[in-house]
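Numbering (the UniProt record's numbering), first residue to last: 1 to 301. C-beta atoms are modelled at their ideal positions from N, C-alpha and C, and glycine is treated no differently. One structure is given here, and the rest of the page talks about it.
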């Protein structure tokens, strides 16, 4: 476990030694004696937080609502700067699920979350309590990652696939870092625009145009955190100008690009998610186009 220090934040961060057996799953472990209030910055993935420590993370949401313990949230968690995390004596495994596989893993479409943070117990019932107990019973982070991966792989194998055309459209948006022309996606997959928009929204939890904006914002935000100049980031990320990027960042986070550049939630990514970037090809492989699930990699527990 490495120590992450950024301003007033000091967390322990652990990473799996092996990739997940399910393409589209990444995870990291976090330990924090005291988690000061941290702004949740939107990310183009479904977030699954599995807590098992003596304390419990608290998410302060819009309109004074709170969520405690293990949670799940759709792509864009924290949009508008509306969600903050805090707590003491926290230990958790955070999983990022590609929207393409989230429906299978969760047993529900990300669209069913309707942009809200949902208690994992409400979604999984007793299985949420069982995984919490199992994570607490093992002593090493690698064993926790293995337990989590086995759970996700089992659920994925039993869950429904998204349409291969929807998976292909998501892949095009992701690999282009939000520069894909939305109007051309339907033609690429051979569907009508109306059909693709409807299926994309219902299966992945957000419409294609929103997906493009979110992916583009995520790429730009991480470059700002890396210390790159706002004007250059705006130009490279495909914004019309710096003011355009400023408006997008404000819409997603509620703060300016200069403030986003100092957010610990983003700064920790270089340690916690070192392999972030181009999505794995199995999402749009020949197997997926034919409606077959790619073979899972074997992992010895």
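Check	Outcome
Taking all protein chains shown into account, do 16 or more other C-beta atoms lie within 10 angstroms of the C-beta of residue 222, making it buried, or fewer, making it exposed?	buried
How many Å lie between residue 26 and residue 41 at the Cα?	17 Å
Which residues mark the beginning and the end of the beta strand (DSSP E) in which residue 241 is found?	Residue 241 -> no beta strand (DSSP E), and no H or E assigned at all.
Could you please give the first and the last residue of the uninterrupted alpha helix (DSSP H) stretch that includes residue 121?	120 to 124
If we count the other Cβ atoms within 10 Å of its Cβ and call it buried at 16 or more, is residue 324 buried or exposed?	Nothing in the structure corresponds to residue 324, since the chain is present only between 1 and 301.
From residue 191 to residue 162, what distance separates their C-alpha atoms?	15 Å
Measure the beta-carbon distance from residue 70 to residue 51 and round it to whole angstroms, keeping in mind my assumption that it falls under 8 Å.	5 Å
Once the 5 residues before and after residue 9 are set aside, which same chain residues still bring their CB inside 6 Å of it?	264
Using alpha carbons as the reference points, say which of 76, 54, 24, 19 lies closest to residue 34.	54
Could you check whether residue 215 and residue 181 sit closer than 8 Å to each other, using their CB atoms as the reference points?	no
Apart from the five residues on each side of it in sequence, which residues of its chain come closer than 7 Å, Cβ to Cβ, to residue 137?	none
Which stretch, first to last residue, makes up the beta strand (DSSP E) that contains residue 11?	9 to 14
Between the C-alpha atoms of residue 151 and residue 127, what's the straight-line distance to the nearest angstrom?	10 Å
If the criterion is Cβ atoms closer than 8 Å, does the pair residue 113 and residue 73 meet it?	yes
Is residue 130 buried or exposed, if buried means 16 or more other CB atoms sit within 10 Å of its CB?	exposed
Shortest alpha-carbon distance to residue 267 belongs to which of 189, 226, 59, 200?	226
List the endpoints of the continuous beta strand (DSSP E) containing residue 90.	84 to 97
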